[in-house]
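Number of protein chains: 2
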Amino acid sequence: MKVYQANILFTSSSTHFDVYERGYIAVDGCGIIQGVYHTLPEDFAYDQLVDFGDKLLIPAMNDMHVHAPQLGNMGIAMDMQLLPWLNTYIFPEETKFADEAYAETIYHSFVSELWRHGTMRAAVFATVHTPATHILARAFNEAGMGALIGLVGMDRHTPATLCNTPAEWVAGMQTLIESLASMPLVKPIITPRFIPSCTPEMLRCMGEMAKQTLLPVQSHLSENQQEIAWVHELEPEATCYGDAYYRYGLFGQTPTLMAHCCYTEGEELHLMREQNVCAVHCPTSNCNLASGIAPIRKFLQTGVQVVLGSDIAGGHHLSMFRVMQYAVQMSKLQYVSSNSQYPFLTLSEVFYMATKAGGAFFGRVGSFEPGYAFDALVIDDHGLSPHHLIASSPIERLERFVYLGDDRHIQHRFCQGQEITQP
Amino acid sequence: MKVYQANILFTSSSTHFDVYERGYIAVDGCGIIQGVYHTLPEDFAYDQLVDFGDKLLIPAMNDMHVHAPQLGNMGIAMDMQLLPWLNTYIFPEETKFADEAYAETIYHSFVSELWRHGTMRAAVFATVHTPATHILARAFNEAGMGALIGLVGMDRHTPATLCNTPAEWVAGMQTLIESLASMPLVKPIITPRFIPSCTPEMLRCMGEMAKQTLLPVQSHLSENQQEIAWVHELEPEATCYGDAYYRYGLFGQTPTLMAHCCYTEGEELHLMREQNVCAVHCPTSNCNLASGIAPIRKFLQTGVQVVLGSDIAGGHHLSMFRVMQYAVQMSKLQYVSSNSQYPFLTLSEVFYMATKAGGAFFGRVGSFEPGYAFDALVIDDHGLSPHHLIASSPIERLERFVYLGDDRHIQHRFCQGQEITQP
């Protein structure tokens, strides 16, 4: 048993921070938290005490929507909306992942960059290329980090070089299921690009696989108006975009992540709640692609679960702390424009989304309650407040780090109990 | 004459970037640009050629609305709107600047932090304290950086510890005018906090001083609805918030910066145009304080000049590159919500705001045209693109730096021709 001492903060619920000032957290040999304490119990047996002093110890980040092959597109080409942006910038880049050497280089950088920004687990879109997708899974596995790895299926309205057939997708998934069985923290996820890119046959194959394997599903939903109109044309019998996935068994029949949901309301919102489909809020991406902002407070009031995603390269930055900022800020703009009808998101709410809510897709991950995996970051916020003249509580220090800090302030990173050094 | 070689980018107009790949810029002994060249003219006489290789050379940033005493409030207390936030967090902190030792520490940190983020000139609010305001001016002067220094006037609806009388403000300004006469890059600016904090007598004194000295003016305008309603109560004869300043000679009678303008429209917008009043767009602050977003495209279409401000600690970050990002992103949300009526801002437009448009308040500053002061940053963007596998143009590299870079990528900083090392 190892014990870590620090200023411990986490969100067992979204309503508040659990704070243990100069508290203790005990982690067993499997990386599972045994307890968190204000004072270490008398006669508590442990092998090692690691004292992080006055630093902050928080759960690591979970990025629940991110496109690994788009790493090189980050921060450029911020002048288009979704559909032309995909055709002009993204699809040509993704085509390069037919080349395994290219995939090797970019995917290792991708895992390293996630690590740098404190993200220890992610739900990832790869491309249609099976060999490259294996490379991505191995990169996570070798780093000791967690992932849901999505071999993308897409077989229409896409350049031929970026299409696979349903049979190719099924075969690729089978190899992934086999090979990932030996990777404890890396699992496959069923990944239709989005309805416009998938024929009914592709969607049927995917729903069938979800039913047989109980694997989770991830895709995109109601990101922008042009896309929604297109889905209505393509799937006229579906009552809403979400229903188009539902009819194929891809909307909550197994655990499901749907990114964006900027225009989800009415029937679609209720279908999400009934089916326990999780909305992945990607506010940086939704700004950059001029998509619009999902009504997150309304989702929460309706009882729809919300997690966060960086969605690079729609999003411009991998840091989930940056994504948290935007989630709060965008909710404030909605608060104003709704004449205060929808209270804005609090720091504990967005922190919960990026930790415990997202972590649920990886098991017991994202909190410091007993039984949870010890996924953690040590934050050294020295230098973020001028000369320490202004006294700050641990929560204020965390807030300041979220708004002002960066990878320089993340001193240690743990995943499932193991300290992860530069992958 | 010194000559610098690099990939040179600037915005002589807002519509596009002027790009000189591996170009040359010649700067005379007074720090004034003599020319910018694709190829150095034959027989061109110079003393020294400094080659920055493949790096980017761009104009330095101008922050046109920033509260120096709020440095310690940055990144915390993001849970209130303007008026309660001022009373709960900001005014207690500003009170501390009665203590000169405290002001010395914070103001030197402030100048150093501006420097770190590549801002070489700023229009700054200090507090009501004359000695502390002198300290702020000296800090800029010693650093060799430029500033408009605002001794704040406020004499109502404010804690007594943060009020000055009109006579105290006038006396303080006179000492500043005298002592700043010997500081080539630091000048005073007339600074009413905002209408609710200033009695008619204070505003009359300020307008009188503007008329006599021709000094510029800075203040806040139409930041949020509650504040606007309050101004209508306080100044019932004014036809709009802007008109309340105008009646006292503080709205374009001399060069004027008005921060926020989130709800400026109709008569106020036309008064701004007629009076050539400059809007300081502070999008980070307007998000954080749930103020709303100024309709910047409409301002530009109307012919109102727009510059950018970090507005810490309403804004959470001093980087003007971060502010540029938000300016583009918020304009994209307005583009969507207006059904594409207002095209979103381009990178060259927001770059122009942060360089040439803001720089105009300091003389010929913010561009690389002949006759302009050489205020410049050398950007080393190595590492921002994975393994340089993806070829990028200078404009793409600049865009990537704006979205992904930080102070680590700013390698050199020049103000008025002098390289400024850590102040």
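Quick mapping for you: the protein sequence lines, in order, are chains B and C.
With this note's numbering, the residue at position 271 of the first sequence is 271, and numbering never jumps.
With this note's numbering, the residue at position 267 of the second sequence is 267, and numbering never jumps.
Quick reminder that beta carbons are idealized off the backbone N, C-alpha and C, glycines included.
Predicted model, so just to flag it, every value in this text is computed and none were measured.
Query, Result
"Supposed close pair I296 of chain B, S337 of chain B - CB separation, criterion 8 Å", "The pair is not a contact, with the Cβ atoms about 14 Å apart (cut-off 8 Å)."
"Neighbour list for C287 of chain B in chain C, Cβ cutoff strictly below 7 Å", "Q329, K332, L333"
"Test item: CB-CB of V128 of chain B and E178 of chain B under 9 Å", "no"
"Proximal residues to G72 of chain C (C-beta, below 7 Å), its chain only, five neighbours per side dropped", "E93, I106"
"Every unbroken alpha helix (DSSP H) inside the stretch 183-239 of chain C [4 residues or more]", "200-213, 225-234"
"Among B:S319, B:P236, B:D155, the one whose alpha carbon lies nearest that of E201 of chain B", "B:D155"
"Cα-Cα separation between I189 of chain C and L215 of chain C, rounded to whole angstroms", "6 Å"
"CA-to-CA distance, F125 of chain B to S285 of chain B, given in whole angstroms", "15 Å"
"Sequence-distant residues of the same chain with beta carbon closer than 8 Å to L250 of chain C, five excluded per side", "I190, P192, L203, M206, G207, A210, V217, S219, T256"
"Burial state of H108 of chain B (16 or more Cβ within 10 Å)", "buried"
"Terminal residues of the beta strand (DSSP E) in which H157 of chain C lies", "Note, H157 of chain C: premise wrong, no beta strand (DSSP E); not H, not E."
"Neighbourhood of G309 of chain B by C-beta, 8 Å cutoff - its chain only, sequence neighbours within 5 removed", "D63, M64, H65, V66, A123, A259, V280, H281, C282, S285, G315, V323"
"Endpoints, beta strand (DSSP E) assigned at M258 of chain C", "256-260"
"V328 of chain C - DSSP class collapsed to helix/strand/coil", "helix"
"Neighbour list for R193 of chain C in chain B, Cβ cutoff strictly below 9 Å", "Chain B residues near R193 of chain C: none, gap ~22 Å exceeds 9 Å."
"Reduced DSSP category for G249 of chain C - H, G, I as helix; E, B as strand; rest coil", "coil"
"Inter-residue CB distance, G371 of chain B and P59 of chain B (contact presumed, cutoff 8 Å)", "G371 of chain B to P59 of chain B, Cβ: 14 Å. No contact."
"Per-residue DSSP class, three states only, for D243 of chain B", "helix"
"Contact list for the stretch 54-80 of chain B against chain C, Cβ threshold 9 Å", "L71, G72, N73, M74, G75, I76, A77, M78, D79"
"Own chain partners of V111 of chain B with C-beta closer than 7 Å, once the 5 adjacent residues on each side are dropped", "A139, F140, A143, M145, P423"
"Residues that A290 of chain C contacts on chain B, provided the C-beta gap is smaller than 8 Å", "K332, L333, Y335, V336, F344"
"Proximal chain C residues relative to Y403 of chain B, where beta-carbon distance stays under 9 Å", "M74, G75, I76, M78, N288, H316, H317"
"Contacting positions in the stretch 173-199 of chain B - beta carbon closer than 8 Å to chain C", "none"
"Status (buried if at least 16 other CB within 10 Å, exposed otherwise) for A132 of chain B", "buried"
"Which listed residue (B:G35, B:P41, B:D51, B:W85) has its alpha carbon closest to that of A6 of chain B", "B:D51"
"Inter-residue spacing [alpha-carbon to alpha-carbon] between C287 of chain B and Q329 of chain C", "5 Å"
"Beta-bridge pairing of Y424 of chain B - partner residues as DSSP gives them", "Given a span of 1 to 423 for chain B in the structure shown, any question on residue 424 of chain B remains unanswerable."
"Contacting residues, own chain, Cβ-Cβ under 7 Å from R247 of chain B (five flanking each side not counted)", "A238"
"Stretch pair the stretch 392-410 of chain C + the stretch 37-51 of chain C: three plus CB contacts closer than 8 Å", "no"
"Paired residues, beta bridge with K55 of chain B - DSSP", "None, per the DSSP bridge assignment."
"N276 of chain B - DSSP class collapsed to helix/strand/coil", "coil"
"Whole-angstrom distance between T158 of chain B and Q70 of chain B, CA atom to CA atom", "16 Å"
"DSSP three-state assignment for L148 of chain B, whether helix, strand or coil", "strand"
"Reduced DSSP category for D407 of chain B - H, G, I as helix; E, B as strand; rest coil", "helix"
"Neighbour-count burial assignment, E419 of chain B, 16 or more Cβ in a 10 Å radius", "exposed"
"First through last residue of the beta strand (DSSP E) which encompasses A376 of chain C", "376-379"
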